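In the working numbering, the protein residues as written are 70 to 327. For each residue, glycine too, the CB sits at the ideal point set by N, CA and C. Keep in mind that this is a model prediction, so the values were computed, not measured.
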């Protein structure tokens, strides 16, 4: 029974270190993130940015050990701990991070992987993977989408590696940047950005056209109203000439007697 108690609440029995309060605050991600890493599953880098770590300080409404009903990937339902299913509500995908947040999260992520007992070969691979992207020539390129290309490449390759790791093919080394894939990613990023800007421009043109059309329609309406008003005034005006002399000019106008 004591062994089960220790296994369930191991943090309660960890030996106290012979040291005082550390100079630097300990980086502690949310329980959901720790559970994902302990299972060796993919996790967004956002959890280790300042914004992601702030999620830990948010008030919790459900205890981490509470059991909740969850739907499994195969469609079945099962009772699992809330910590294993809880995800932050403001998670930012890796490709949408700023490059500063990316650089900020990587060392924290590596420490968490080490604490989750990831094998040394995987730790070294991930460390080289992120380092090689951070020192790549695109990092300091003048092109505005060069850094975005690195972020998209990182996100896609990191996610895909976890998918392949569970397949019969098994995991491979992603530490070395594949320049061919990176160039293809760059081309796609540039086309997507170009399309996005074109759509935004077309939307502005459409809004302007509708606004112009609305103004013209309003002007035509005013002209028509003025024409009708003038016609009513003329219909009440009596012409000084006999009807026989000017009926060609304005037959709708009242005339003097012949």
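Cβ-Cβ separation between residue 91 and residue 121: approximately 21 Å, too far for a contact (criterion under 8 Å). The DSSP-derived three-state label of residue 238 is coil. By the neighbour-count criterion, in which 16 or more other beta carbons inside 10 Å mark a residue as buried, residue 223 falls on the buried side.
The alpha carbon of residue 104 has as its nearest neighbour, out of 185, 169 and 174, the alpha carbon of 185. Spatial neighbours of residue 243 in its own chain (CB-CB distance under 7 Å, excluding positions within 5 residues in sequence) are listed in chain order as 194, 198, 226 and 230. Of the residues assessed, residue 293 falls on the exposed side of the cut-off, its CB having fewer than 16 other CB atoms within 10 angstroms. The DSSP-derived three-state label of residue 146 is strand. Per DSSP, reduced to three states, the secondary structure at residue 289 is helical. Assignment of residue 252 by DSSP, reduced to helix, strand and coil, places it in the helix class. The shortest C-alpha to C-alpha distance from residue 255 to any of 109, 269, 100 and 214 is the one to 214. Annotation: residue 86 is outside any alpha helix (DSSP H) and is labelled neither H nor E by DSSP. Residue 268 and residue 262 have their C-alpha atoms roughly 10 Å apart. In the three-state reduction of the DSSP assignment, residue 201 falls in the helix class. In the DSSP assignment, residue 99 falls outside any alpha helix (DSSP H) and carries neither an H nor an E. Proximity to residue 201 across 172, 189, 83 and 114 peaks at 172, based on C-alpha coordinates. Short of 8 Å from the beta carbon of residue 110, and not among the five residues preceding or following it, lie these beta carbons of its own chain, in chain order: 231.
Annotation: the continuous alpha helix (DSSP H) that includes residue 168 extends over 168 to 184.
In the displayed model, residue 109 falls within coil according to three-state DSSP, outside both helix and strand.
In this structure, residue 164 lies near residue 221, with their beta-carbon atoms less than 8 Å apart. Cβ-Cβ distances below 7 Å link residue 182 to 106, 192 and 195 in the same chain, with the five nearest sequence neighbours on each side left out; the list follows chain order. Taking all protein chains in view, the Cβ of residue 75 is surrounded by fewer than 16 other Cβ atoms within 10 Å, so the residue is classified as exposed. Inclusion of residue 96 and residue 219 in the CB contact set at 8 Å is not warranted, their separation being larger than that value.
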